[in-house]
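As structure tokens, then:
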């Protein structure tokens, strides 16, 4: 896997040709002092919240850091054009760093599902809580390898440890979801990523609510 690289306008034009009709849009070639450059557009990772579950863990869960693999760490949206090539879109990006948005979305989803008696959002000062949830995003991209069948992939591994014993993982799982991209605008990519992320978080909430977690 090669790191995501920022494409030039001609490179981006070739990329969009592969995604037709996903984000078909005319791009200017060459430089011009009179032709304005396309404005950047920013999108949120803000999936729908899961419904409350039937079971709630009697513990407080603190949401820790969510790491992100290097190709997807920056805010630019990433497209996979071949098995080994990834390209970033300079003009369409996330509003904030993906890791921070995934951490916030995870906290909101677990609170909405009532998976724990209390969910402490990321960044809250202090050391209160019974368990710590951390994660790592190893896929967050639009897959353009098959013409006419573009889809997003979201893959996240989550790890739970006891706050009293840092580093000792007591539960872990990895979730992978793919979602077809419907539409011809960049919003369609963001919508598909949010749909895939929403299913990941709903599955995480169900699994954690029924996990065998015990305090020492």
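Residue numbers (this note's numbering): 573 to 788.
Glycine included, each C-beta is placed from N, C-alpha and C at the ideal position.
As the structure is a prediction and not an experimental result, all values here were calculated from the model.
Q. Any idea if residue 676 is buried or exposed, counting beta-carbon neighbours within 10 angstroms, 16 or more meaning buried?
A. Buried.
Q: Work out the CA separation of residue 661 and residue 639 for me, nearest whole Å.
A: Cα to Cα, residue 639 sits roughly 21 Å from residue 661.
Q. At what residue ranges does the region 714-782 contain a whole run of the alpha helix (DSSP H), taking only runs of 4 or more?
A. For the region 714-782, whole alpha helix (DSSP H) runs of length 4 or above, ordered along the chain, are 758-782.
Q | Contact set for residue 778: own chain, Cβ-Cβ below 7 Å, skip 5 residues either direction | A | Residues of the same chain with a CB within less than 7 Å of the CB of residue 778, apart from the 5 flanking positions on each side, are 625 in chain order.
**Q.** Classification of residue 714 by the beta-carbon crowding that lies within 10 angstroms, buried from 16 upward
**A.** When all chains shown are included, residue 714 counts as buried.
(Q) For a test of the three-state rule: what should DSSP assign to residue 621, helix, strand or coil? (A) For residue 621, the three-state secondary structure derived from DSSP is coil.
Q: Give a yes or no on whether the C-beta atoms belonging to residue 732 and residue 773 are separated by under 8 Å.
A: In this structure, residue 773 does not lie closer than 8 Å to residue 732 by Cβ.
Q.
By DSSP's criteria, residue 705 is part of a beta bridge. Which residues make up the other side?
A. DSSP output for residue 705 lists 635 and 732 as bridge partner(s).
Q | the region 654-670 touching the region 680-697, judged by at least three CB pairs closer than 8 Å | A | Too few Cβ pairs lie closer than 8 Å, so no.
Q.
So, under 8 Å CB-CB, residue 769 and residue 616 are touching, yes? Tell me the CB distance rounded to an integer number of Å.
A. Contact between residue 769 and residue 616 fails: their C-beta atoms lie close to 11 Å from each other, not under 8 Å.
Q: Would you grab the beta carbon distance between residue 614 and residue 663 for me? Rounded to a whole angstrom, and I think it's under 8 Å.
A: So it is not a contact: roughly 10 Å between Cβ atoms.
Q) Just how far apart, CA to CA, sit residue 599 and residue 720? A) Reliability fails at residue 599, whose pLDDT of 34 lies under 50, so the model's placement of it is uncertain and the value that follows must be treated cautiously. Taking the straight line from one Cα to the other gives about 20 Å.
Q.
Three or more C-beta pairs under 8 Å: does that hold for the region 689-709 against the region 631-645?
A. Yes: the two stretches touch, three or more of their Cβ pairs being nearer than 8 Å.
Q) Is the CB-CB distance between residue 734 and residue 703 below 8 Å? A) The answer is yes: Cβ separation under 8 Å.
Q) Buried or exposed: where does residue 650 fall if 16 or more other Cβ atoms within 10 Å of its Cβ makes it buried? A) Residue 650 is buried by the Cβ-count criterion.
Q.
Among the candidates 745, 780, 620 and 722, whose CA atom is the shortest distance from the CA of residue 728?
A. When only C-alpha atoms are compared, the closest one is 745.
Q) Taking the DSSP output, what are the residues bridged to residue 651? A) Note: residue 651 sits in a beta bridge opposite 659 and 714.
Q.
Closest to residue 716 by C-alpha separation, out of 786, 781 and 655, would be which residue?
A. Its Cα nearest to that of residue 716, the residue 655 stands out among 786, 781 and 655.
Q) From what residue to what residue does the alpha helix (DSSP H) around residue 674 run? A) Residue 674: member of the alpha helix (DSSP H) spanning 670-685, first to last residue.
Q: Please work out which residues of its chain come closer than 6 Å, Cβ to Cβ, to residue 750, disregarding the five sequence neighbours upstream and downstream, and give them in chain order.
A: Contacts found: 723 and 725.
Q.
Using 8 Å for Cβ pairs, my map puts residue 781 next to residue 685. What's the rounded Cβ distance?
A. Residue 685 and residue 781 do touch by the CB rule: their CB atoms are close to 7 Å apart, below 8 Å.
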